[in-house]
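In the UniProt record's numbering, the protein residues as written are 1 to 511. Glycine included, every Cβ here is placed at the ideal spot set by N, Cα and C. Below is one structure, written out as structure tokens; comments come after it.
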């Protein structure tokens, strides 16, 4: 048979079978009760409807189509849930069926970083890494062992801000609080101060910010498997991601080598030392998952990417809300100053007595959750949400931002009202699905306690040591609260405030 005849034969066979195939697909679709959603375009699906701020675009879609909607981002079916009840079904009732992760290229799935535990599918490796994070690195006892680091770094922050009282320039709180979190995390992880360490040529902070920025960008490979990498190459996304992560990989390797060469003394309590001890113990116990230096680098990557920007943005949002509400600012300051007295600074031992401060933090996390969209999950088997069929290999996104502003649950949801939590019924530890700043279920954030401790200590000292005011001529309603798209929910414009120091004599800081 000649090639043209063969070709035409196949073509006629396809034409004959096409109606049958159409009927089979229609029947298959009719057998499933899929969630509603907006119409999609060929190839790109619903990507054109995401907008600049995806969490707000998806929130608007949920207002029209309901708390469970089906979208297609490229060729990827994605279900978005936007209510506490639907989040409960995903994160508790069907946690096991939906706790895997899609292989996201834009989520750091390039080169060595395939070990990044935040983006790793459900597996024995993921179980072991999470166990290490929960029991060894972020346990209450371990976090408390870093107390002296947090208190010293906050002291340095207060000392730095106090110098601004001698000038007529405002304090850029956005820059200072981000630097604070980098410094705390740096010392906690590596046992070295951020400034003047022997590992860095002065580029770490710059490259780290670049990595965070590029992770929040659009990656075609996430939505168009097999062909999206071409677009990522053409747009430069691939090269930017590779450059940042290769630098960080090399940096982490320098730190690990230095710890190995000095045999990480027994009294060293930084995270790298602890992880090297675990790796050494793992080799002798012949565990199912061998713990290597690549695993250590993956955990360090998660620590910085998940712990720095999220805590810094929470602090910035809290101060922004308080400067807009002078009555609430005064209430929080009076509580702290009455509790601490003339000690000169707030220590972690004081925090548990500061009930209103904790309400301020909780309300900030409701209105401005660090992750407005929880990291996407991928379903491993069929189940139902609100009666809708959810098929295997479907991505599920929990719209944390929409849940925190749901008018069916929250009274005056757009207003900053810390007092709404005074009854103590709603908490953020994963049992109350109306408030999910740290997620819930198997994929809940293991670093919750560390993040909260950093935020509460820094915020308490900012309110204790200084009285804050807006630039001359600026009113409370003029404070810009616009959000910026990215990996975490950051304030778009820097928060610049003036201050008056209560008493520098009270701020006991060693020069």
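For residue j and residue i, the rounded distance between their alpha carbons
i           : j           : result
residue 326 : residue 67  : 36 Å
residue 318 : residue 296 : 33 Å
residue 466 : residue 352 : 21 Å
residue 524 : residue 448 : Beyond the ends of the chain as shown, which are 1 and 511, falls residue 524; an answer cannot be given.
residue 432 : residue 96  : 18 Å
residue 516 : residue 182 : Because the chain is modelled from 1 through 511, residue 516 falls outside the range shown and cannot be assessed.
residue 50  : residue 58  : 7 Å
residue 499 : residue 170 : 8 Å
residue 441 : residue 261 : 39 Å
residue 417 : residue 463 : 18 Å
residue 494 : residue 237 : 26 Å
residue 152 : residue 186 : 13 Å
residue 454 : residue 34  : 43 Å
residue 512 : residue 140 : Because residue 512 is not part of the residues shown, which for the chain are 1 to 511, the question remains open.
residue 32  : residue 78  : 16 Å
residue 413 : residue 479 : 19 Å
residue 373 : residue 342 : 42 Å
residue 247 : residue 207 : 8 Å
residue 158 : residue 178 : 14 Å
residue 489 : residue 209 : 15 Å
residue 229 : residue 47  : 17 Å
residue 257 : residue 184 : 21 Å
residue 340 : residue 346 : 6 Å
residue 270 : residue 409 : 42 Å
residue 468 : residue 337 : 15 Å
residue 212 : residue 376 : 17 Å
residue 154 : residue 426 : 29 Å
residue 491 : residue 401 : 14 Å
residue 127 : residue 281 : 18 Å
residue 63  : residue 55  : 13 Å
residue 89  : residue 69  : 14 Å
residue 293 : residue 251 : 13 Å
residue 39  : residue 222 : 21 Å
residue 191 : residue 164 : 29 Å
residue 438 : residue 91  : 12 Å
residue 378 : residue 334 : 47 Å
residue 316 : residue 180 : 12 Å
residue 156 : residue 175 : 14 Å
residue 23  : residue 36  : In this prediction, residue 23 scores a pLDDT of 46, lower than 50, which makes its location untrustworthy; the coordinate-derived value is nonetheless stated afterwards. One C-alpha to the other measures close to 22 Å.
residue 354 : residue 314 : 18 Å
residue 273 : residue 320 : 38 Å
residue 224 : residue 393 : 15 Å
residue 309 : residue 227 : 32 Å
8 Å contact criterion, which residue i and residue j should meet: CB distance rounded
i           : j           : result
residue 87  : residue 406 : Rounded, the Cβ-Cβ distance is 10 Å, inconsistent with contact.
residue 189 : residue 300 : 6 Å
residue 243 : residue 476 : Their Cβ separation, rounded to whole angstroms, is 42 Å, which puts residue 243 and residue 476 out of contact at 8 Å.
residue 173 : residue 497 : 6 Å
residue 134 : residue 446 : 5 Å
residue 276 : residue 136 : So it is not a contact: roughly 12 Å between Cβ atoms.
residue 143 : residue 450 : 5 Å
residue 404 : residue 443 : Not a contact, Cβ separation roughly 18 Å.
Identity of the residues DSSP links to residue i by a beta bridge
i           : result
residue 123 : Answer is none; residue 123 lacks a bridge partner.
residue 496 : 172
residue 490 : 484
residue 397 : 80
residue 350 : In the DSSP output, where bridge partners are listed per residue, residue 350 has none listed.
residue 469 : 498
residue 384 : 389
residue 187 : Bridge partners of residue 187: none, in fact.
residue 373 : 399
residue 335 : For residue 335, which the question treats as bridged, DSSP gives no partner whatsoever.
residue 378 : 100, 395
Cutoff 8 Å: residue i Cβ touching any chain D Cβ
i           : result
residue 191 : Note that chain D does not occur in the displayed structure, where there is just one protein chain.
Counting only runs that start and end within the segment 23-110, where is the beta strand (DSSP E) found for 3 or more residues in a row?
Along the segment 23-110, the beta strand (DSSP E) occurs as fully enclosed runs of 3 or more residues at 68-73, 76-81, listed in sequence order.
When you compare the segment 361-369 with the segment 417-431, are there three or more beta-carbon pairs, one atom per stretch, that lie closer than 8 Å?
At 8 Å Cβ cutoff, the stretches touch.
Any chance the segment 482-500 sits against the segment 210-227, with 3 or more Cβ pairs inside 8 Å?
The answer is yes - the segment 210-227 touches the segment 482-500, with three or more Cβ pairs under 8 Å.
On the three-pair Cβ rule with 8 Å, is the segment 120-136 touching the segment 87-101?
The segment 120-136 vs the segment 87-101: in contact.
Is there contact here, the segment 71-78 with the segment 40-54, by at least three beta-carbon pairs under 8 Å?
Yes: at least three Cβ pairs fall under 8 Å.
Flag this pair as touching only if the segment 396-410 and the segment 326-336 have three or more C-beta atom pairs under 8 Å; answer yes or no.
No, because fewer than three Cβ pairs between the segment 396-410 and the segment 326-336 fall closer than 8 Å, the two stretches do not touch.
In chain order, each beta strand (DSSP E) run of at least 3 residues that lies wholly inside the segment 271-323:
Counting only runs of 3 or more, we get nothing.
So within the segment 121-156, which uninterrupted alpha helix (DSSP H) runs reach at least 4 residues, ignoring any that extend past its ends?
Counting only runs of 4 or more, we get 124-132, 140-145.
Could you tell me which uninterrupted alpha helix (DSSP H) segments, each at least 4 residues in length, are contained entirely in the segment 226-263, listed from first to last along the chain?
The alpha helix (DSSP H) runs of length 4 or more contained entirely in the segment 226-263 are, from start to end of the chain, 228-235, 237-261.
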